[in-house]
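Read the structure below first, then the notes.
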Amino acid sequence: MIGLSKSEKETPPELLTELQVGELVVVDGVVGERTVRRTTKTGGVFVKAPLHMDDLASVWCVWWQAQSAPQPGQRVRLRGEVQFYDGNMELHVRETIPLFDDKPAALEHKLLRFYIACLEAEQMRELEFAIDDGGRRFVLLESGEEHVISGEATWTDLPDAPQLTQWLSRRLLAGRAEQVFVGYPVVTGYRDRNGLPYKVLSPLFYVPVEIKRAASSGYRVLPETAVPELNIFALELLGMSREERVGFVEAVEELEEIQTASSARARMESWLNILVKEGLADPGFCLDPGHLGPLKDGISNTCILYTGERGPIIRNLIADLEDLSLLPVEELRRGPLGVLMGAIPASLPPAAEPQPSIIPSNLAQDRAITSAFSVPLTVVTGPPGTGKSQLIINAIASALARGQTVCFASKNNQAVDVIFERLAAVSDEAVPIRAGTTKYRSNIALTIQRALSRPDRPNELGSAITDWRKVEKDLFPIYQVAREVEKVEAELAAEEARYEELNRTAPRAVFAVADASVMAAAAKEVLALLPLASRPRPFWPWSRRRWKEAKARLAVAWDRLSRSAGTGILLPDEPEQNAAEECLRLSQLALDIEAQRLRIEDARKKLASLPNRWELHERLMEISARRLETGRRLFEANWQRLIAGALPEKRAAASALAEGLAAAAGGGKASIRRLLLQVPDVLHVFPIWGVTNLSARTNFPVRGKLFDLVIIDEASQCDIPSAIPLLYRARRALIIGDPKQLTHITSLREVTEDNLARRFGLTPNDLLVFSYRSRSLFGLASARVGEKPLFLDQHFRSHPAIITFSNDHFYGSRLLILTDESRLQPGPAVSWIHIPGQFRRGQNGRSVVNPPEAEAVVRQLEALHSQIKDQGLTVGVVTPYRAQAEAIRDLVARRLPDLEDSLVVATAHRFQGDERDIIIFSPVVSREMAPYHVTFASNPNLVNVSVTRARQKLIIVGDREVCLASPGVLRDLAQYIMDLEKGGFRSPLERRLFDALVKAGVNVQTGVEAEGYKLDLAVVKGERRIDVECDGASFHRDQRADSIRDERLRSAGWEVVRFSGREIQRNLDECVSRVKELLSDGVMYS
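Using the UniProt record's numbering, the first residue of the sequence shown is number 1, and each one after it goes up by one.
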């Protein structure tokens, strides 16, 4: 072993003086922080780093091939030769061998390497395009100019070419469902397909862009980031292996000329110069964005526009995972990440406690917040429209009141933006930091600088806390009752589960027992008498008398046992011990079942004596105004305290971060890694941050427990690896999702995942639990908590007729529907337009299209056109198939181009997380379809997402007969709508009340008209005529018109009774009783 002293002077120890320059040596150790340099002769890139050895000595090492340099923190064995340079001895490395412990790699380390490989394999597929994919996934610009990447980050007009215009029109109609990228220049190369080479193309640099229609004609695009991203996978097409690529890219990115490039073009040209020197690019190639040209082998001066499935880049995520893979496994087995990985058990969520809210909250949301600040991992099921945003915002407010830090994350920018916009709307004092990709750096800097420059203002934190304590005291009794209700509900659920288990396992004969208690007593008596009565006739008279008495009693007991056993148990004519024992066992089982039934009755009575969910909700609402007013005062006072009262060194750290980010955003010299080291101090002043899952590395240092709470929304759409870096940075985590919605999309093939799992030593069970393709973050987190996740049980978004289907079909009727019906449109909320369809393949044989159905969808849009424009309604067209979406976009672009701003046409997978006033669902199924296509379109989660995007109206355009004949949820949806339409019901509440009245023996009719009005339900008994109205949107919108209507009906001899939607949901039996009382005594209800 050789070494250098760890002193800053780098003085070689005596040992090195005995070695000759050029002598070969071998050393083991851990790589320290690297520096990247250029050779003065060739300009090539090399890496220099210290190797820290076990004897606490260090040696400076040089890797002349930057791509072969290991990562900091990695343990390696180096072979190389000793050289003397600038007064110091150093090791010029010839071979680098990674070292691992003798013990097998921990599961966590194997998973991290497996996920890295999955992400790279998937990203490579998404950034490479076969030539025959043109027109669908991408469009090329082979002439004209390119100023989107190489120019300034401003709006840029694109050529008004027909093919490009048509392609961009489709993308615009896809809305946020598709992310468009611009790439330049383009690299071409070859891949292997079934043993044959095929040509692919890939951008060398790319940026995500926003599209909008130009004022005159054509389209404009705006880069979403100022700095174009290098496509590391394009380097493989140029001949660089994966092993070389990882180290090479990171080394080059550390070069000063790259970090301080004055413009995007300068940065790209520096990169190209390095590729030329490394022999990866043609020396004759140069960037010429003013004169684009055609494709050729290698690097082409061509521009590409394409759509990306994942949207954001994953390079930073991969780097984060690589850093985590170098940590000791103990670091990965703490906090919420430890729970997710299965290293530590999950804790049960506590009961709800009052929380300081800044927007309306309910008991289910409060319990989730209470749990989020109590246990390492909290998992919440949030069905559509159940106030997930409310939960997140109030969790942030609660964290602020506790003096804790929060990072909110989601897979898409839209979800993060919604939360931060609503936080800003609550108070001007709030200064949450919206972070993310590099485009947010200038915004972060500006936000921090403005906040730090605020003048001091009086702080009312003390009085706000005092007032909150008063409100908390008033809330506490409600939460006590809620805890009791929760306890009894849990007891009832346990008793019912036990009852079901007893019934499931009991023999059928048990249920035929006539009288279990008599049967048990008789069986016991038979078993007690059998030993004496079965003996031979005794000789002695006194024994004979006892024997006769036993025989007589046995006969009576056996007869009683036979009669009490019922018809299900056949007993022999004479008493037998085995038969008696079996009767005793069965009777005892029957008694256990009956005792269990009685326990269930007792639990139900106890639950009935407590306030129900509606009553608890209304009690909470009585204090809601005071709670919100106090919560907002507390929220504002805490922000004032944080910013005005921060320690000078914390404010200085925040100011330094802002200055550095501003410089980096403006192209100045700034080391982002060093800047991020300021973040822990900055969190003392600015504790609330928001990012997308893939941008943690660009905003935060890799440090465990950086945040007190990390909240991840849309977790059903989130893959596991993108959440791991966030969870490592968290003390506790709140995971929110919905198992009844779609999971994340991946282009990774199953066979590829299987091969990668074997490569990294994962067992089949490991892959089943941690699969990248099929397991979402929410799925794994739900499995880890053991008990069912917490459930948000109040719905606020959709018309009752829309959400009732999903509530009954997917959520076990657990949702309380609290939609504000005063904002809803009149008329039926759900309708089906029957269109016999045709099956067609999409472009290049991909996907499925139904032309008649697409035409019918556009006709429906034309019919709604004036309503959409006049009322400013938002509309979405949802379909299972991409080709159908493309066909509808083409028709809309030709016939309804003015709807681009208010209309989105997309697949259900891409629509998840969005909502619209009107949704048109095109299921595409037709008679000619293969069964597997129908099965795909009938995916329950896909249909649930499609239906629940609608706020006011849901219109299904498709072949109803085929759907009714198909198995699954499409059949159920078609039947649900047909039942509503057949009975003339405007909402499922009318149908529920109608069914309940019929069941109660009331003569009730639908479709009755009187005095020019259509009645909801008409009840007729002799000469008594009652109009039963189920009040919905029209009543809440125009009560005066309804009053006039009621007076006209009464003057014509009708009696009118009205029930609100809440009354029908809360107590259907009471509504029926009121109608029956009205029939019997003539008392008028209004």
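Using N, Cα and C, we set each Cβ at its ideal position, and we do this for glycine too.
None of the values given here were measured: they were computed from a predicted structure.
On a Cα-Cα basis, can you pick out the residue from Val182, Arg170, Asn939 that is closest to Leu742? Asn939
Taking the beta carbon of Arg894 as the centre, do at least 16 other beta carbons fall within 10 Å, making it buried, or is it exposed? exposed
Less than 8 Å separating the beta-carbons of Ala723 and Asn693? yes
7 Å CB neighbourhood of Asp1069 in its chain, flanking five on each side removed: none
Name the residue from Glu1023, Phe84, Gln365 whose alpha carbon lies nearest to the alpha carbon of Pro350. Gln365
In angstroms with no decimal places, state the Cα-to-Cα distance between Val905 and Ser747. 22 Å
Cα separation between residue 1095 and Thr567? Missing from the structure shown is residue 1095; the chain here goes from 1 to 1086 and no further.
According to DSSP, is Leu196 helix, strand or coil? strand
Which of the three DSSP states, helix, strand or coil, is assigned to Thr381? strand
Integer-rounded CB distance, given that Ile359 should sit under 8 Å from Val426: Confirmed, about 7 Å.
For Val82: DSSP bridge partner residues: Leu91
With a threshold of 8 Å on Cβ separation, who are the neighbours of Phe911 within its own chain once the five nearest residues in sequence on each side are excluded? Ala177, Gly876, Val878, Val904, Val945, Ser946, Arg949
Taking C-alpha atoms, which residue in Trp155, Glu120, Leu141, Arg367 lies nearest to Ile318? Ranking the options by Cα distance to Ile318, first place goes to Glu120.
Assuming residue 1125 and Val513 are in contact, meaning their beta carbons sit under 8 Å apart, how far apart are those beta carbons, in whole angstroms? Residue 1125 cannot be examined here, being either before or after the span of the chain that is shown, 1 to 1086.
Quick one: give me the first and last residue of the beta strand (DSSP E) that Phe205 is part of. Here the beta strand (DSSP E) through Phe205 covers 205-213.
Can the beta-carbon of Glu500 be found closer than 8 Å to that of Leu610? Taking 8 Å as the Cβ cut-off, Glu500 and Leu610 do not qualify as a contacting pair.
Residues bridged to Ile304 by DSSP? Leu140, Gly183
State buried or exposed for Met621, treating a residue as buried only when at least 16 other CB atoms are found within 10 Å of its CB. Met621 is exposed by the Cβ-count criterion.
Within 10 angstroms of the Cβ of Met341, are there 16 or more other Cβ atoms? Answer buried if so, exposed if not. buried
Please confirm whether Lys411 and Cys118 have their CB atoms less than 8 Å apart. No; because the gap between Cβ atoms is not below 8 Å, this pair is not in contact.
Where does the unbroken beta strand (DSSP E) through Ala1018 begin, and where does it stop? First-last of the beta strand (DSSP E) with Ala1018: 1017-1021.
Would you mind sorting Pro931 into buried or exposed? The rule is 16 or more other CB atoms within 10 Å of its CB. exposed
Looking at Ser736: is its Cβ nearer than 8 Å to the Cβ of Gly239? For the record, residue 736 in the displayed sequence is Ile; it is not Ser. Between Ile736 and Gly239, the C-beta spacing is not below 8 Å.
If you draw a straight line from the C-alpha of Leu762 to the C-alpha of Val329, how long is it? 16 Å
Just to confirm, are Val406 and Ile643 a CB contact at a threshold of 8 Å? no
Hey, could you find the ends of the alpha helix (DSSP H) Phe707 is sitting in? Phe707 -> not in any alpha helix (DSSP H); beta strand (DSSP E) instead, spanning 707-712.
For Ile1026, does the three-state DSSP call read helix, strand or coil? strand
I'd like to check one pair, Asn231 with Glu203: are the Cβ atoms closer than 8 Å? As written in the sequence, residue 203 is Pro, which differs from the Glu given in the question. Contact: yes.
Three-state secondary structure assigned by DSSP to Cys718: coil
So what does DSSP say about Trp468, is it helix, strand or coil? helix
Find the nearest neighbour of Thr302 within the set Ser347, Val187, Gly1012, Ser263, judged by alpha-carbon distance. Val187
Within 10 Å of its beta-carbon, does Ser1080 have 16 or more other beta-carbons around it, so buried, or fewer, so exposed? exposed
Thinking C-beta only, is Gln884 closer than 8 Å to Val849? yes
Taking 8 Å as the threshold (C-beta atoms), are Asp1016 and Val1056 in contact? Contact flag unset, no.
Apart from the five residues on each side of it in sequence, which residues of its chain come closer than 6 Å, Cβ to Cβ, to Gly432? The identity of residue 432 in the sequence shown is Pro, whereas the question assumes Gly. Taking C-beta separations shorter than 6 Å and ignoring five residues to either side along the sequence, the partners of Pro432 in its chain run Phe420, Leu423, Ile688, following chain order.
Residue range of the unbroken alpha helix (DSSP H) whose run includes Arg991: 988-999
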